[in-house]
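Chains as they are written, first to last, in our numbering: chain A, 45 to 205; chain B, 52 to 172. Below is one structure, written out as structure tokens; comments come after it.
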């Protein structure tokens with residue numbers, strides 16, 4: 045991996061019981077990186093990479109304060125899941141905030157774009173309503189956990205451990 | 052991808068089938084405790100509590116450490132390991148997305164340059 049590539053690495057940290065933070069630097073000005081998040085026709089080109097094992101069937105995003113988004117994912121033609129919510133803050137080229145409304149345990153996601161010398165540092169911050177909500181997201185992430193462990197986790201939750 | 056083995060799952064399941072052991076896990080979730088503390092809390096003999104802790108230890112749900120004459124129990128690393136594995140998978144998902152996003156940004160940059168030339172020309 046070359047130096048530039050190394051500097052662009054994506055990092056993820058569990059910043060607290062309720063927060064996850066993803067960071068990455070892009071080689072381009074903030075207005076262009078922001079545009080790729082704000083226009084659904086661009087968003088859908090990168091949101092579901094091949095390695096994720098699912099494809100985006102539809103991608104609607106009305107990127108205005110109060111506007112909704114809805115992404116539908118599928119596998120081999122059948123609809124598997126939908127991801128939806130509302131944008132609650134839209135500040136061109138610097139900040140996007142949206143809610144996730146699939147359940148009461150959904151996170152509020154804030155993305156900031158900070159430009160420096162033609163590059164953009166992107167910070168994606170997810171705030172969950174409770175520690176339990178983030179723990180559950182970690183335990184139940186689609187395709188992440190083998191079935192047996194998902195069952196064990198459900199059992200642990202049921203037992204109140 | 053991390054492989055979890057069946058035997059460990061069975062051991063966990065067996066460990067959790069007992070009310071006292073579930074209580075011990077709950078207790079250790081709040082604070083570490085010695086076997087003596089746990090025996091007192093669950094109105095049990097030291098030997099009885101040692102057996103329960105042994106089962107939980109076998110399943111990877113609890114770890115113990117002896118300092119001097121006191122054996123202290125705490126929740127096992129396994130749940131922390133699971134979390135670390137999940138975070139790595141989550142990182143890979145975003146890294147893959149962002150590699151695609153790089154391409155989109157490159158294309159927008161190129162387009163802007165071409166449009167800029169057109170405007171000037």
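All residues carry an ideal CB built from backbone N, CA and C; glycine is no exception. Remember, it's a predicted structure, so these values are computed and weren't measured experimentally.
Quiz prompt | Paired residues, beta bridge with residue 118/A - DSSP | solution = Along the first chain, one-based indexing puts residue 118/A at 74. In DSSP, residue 118/A forms a bridge with 99/A and 123/A.
Self-check item: residue 179/A, buried or exposed, once every other Cβ within 10 Å from all chains shown has been counted against 16
Solution: As a position in the first chain, residue 179/A is number 135, starting the count at 1. The Cβ neighbour count for residue 179/A, taken over all protein chains shown within 10 Å, is at least 16; the residue is labelled buried.
Self-check item: Where residue 138/B meets chain A, residues with beta-carbon distance less than 7 Å
Solution: Sequence index remark: in the second chain, residue 138/B carries index 87 (1-based). Within 7 Å Cβ-Cβ: 56 and 58.
Quiz prompt | DSSP three-state assignment for residue 169/A, whether helix, strand or coil | solution = For the purposes of this step, residue 169/A is identified with residue 125 of the first chain, where counting begins at 1. Residue state, collapsed to three classes: strand.
Quiz item: Once you ignore the five residues that flank residue 74/B on each side, which residues in its own chain have a CB closer than 7 Å to its CB?
Solution: Along the second chain, one-based indexing puts residue 74/B at 23. Take residue 74/B, set aside five residues on each side of it, and the residues of its chain with a beta-carbon closer than 7 Å to its own are 93, in chain order.
Quiz item: On the three-state DSSP scale, how would you describe residue 71/B?
Solution: As a working mapping, residue 71/B is identified with position 20 in the second chain. Note: residue 71/B maps to helix in three-state DSSP.
Quiz item: Would you say residue 55/A and residue 164/A are within 8 Å of each other, going by their C-beta atoms?
Solution: Position 11 of the first chain, counted from the first residue, corresponds to residue 55/A. Position 120 of the first chain, counted from the first residue, corresponds to residue 164/A. Contact flag unset, no.
Practice problem: Could you tell me whether the Cβ of residue 83/B comes closer than 8 Å to any Cβ of chain A? | Solution: Locating residue 83/B in the second chain gives position 32, where the first residue counts as 1. Taking Cβ atoms only, chain A never reaches closer than 8 Å to residue 83/B, which makes this a no.
Self-check item: 8 Å Cβ cutoff met for residue 152/A and residue 141/A
Solution: On the first chain, position 108 is the one that residue 152/A refers to. On the first chain, position 97 is the one that residue 141/A refers to. Closer than 8 Å, so yes.
Practice problem: Please go through the same chain and pick out, in chain order, the residues whose beta-carbon is closer than 6 Å to the beta-carbon of residue 169/A, but skip the five residues on each side of it. | Solution: Looking up residue 169/A in the first chain gives position 125. Same-chain partners within the cutoff: 65 and 154.
Quiz item: Going along the chain, which residues of the region 148–163 of chain B sit with their C-beta nearer than 8 Å to a C-beta in chain A?
Solution: Among the residues of the region 148–163 of chain B, those with a Cβ less than 8 Å away from any Cβ of chain A are 148, 149, 150, 151, 152, 153, 154, 155, 156, 157, 159, 160 and 163, in the order of the chain.
Quiz prompt | Residue from 95/A, 137/A, 114/A and 171/A whose Cα sits closest to the Cα of residue 130/A | solution = Within the first chain, the letter at position 86 stands for residue 130/A. Comparing Cα-Cα distances from residue 130/A to each of 95/A, 137/A, 114/A and 171/A, the minimum goes to 114/A.
Self-check item: chain A residues whose Cβ lies nearer than 7 Å to that of residue 144/B
Solution: The residue you call residue 144/B lines up with position 93 of the second chain. Going along chain A in sequence order, the residues near residue 144/B (Cβ under 7 Å) are 96.
Self-check item: Exposure label - residue 113/B; buried when at least 16 CB within 10 Å
Solution: For the purposes of this step, residue 113/B is taken as the residue at position 62 of the second chain. So residue 113/B counts as buried.
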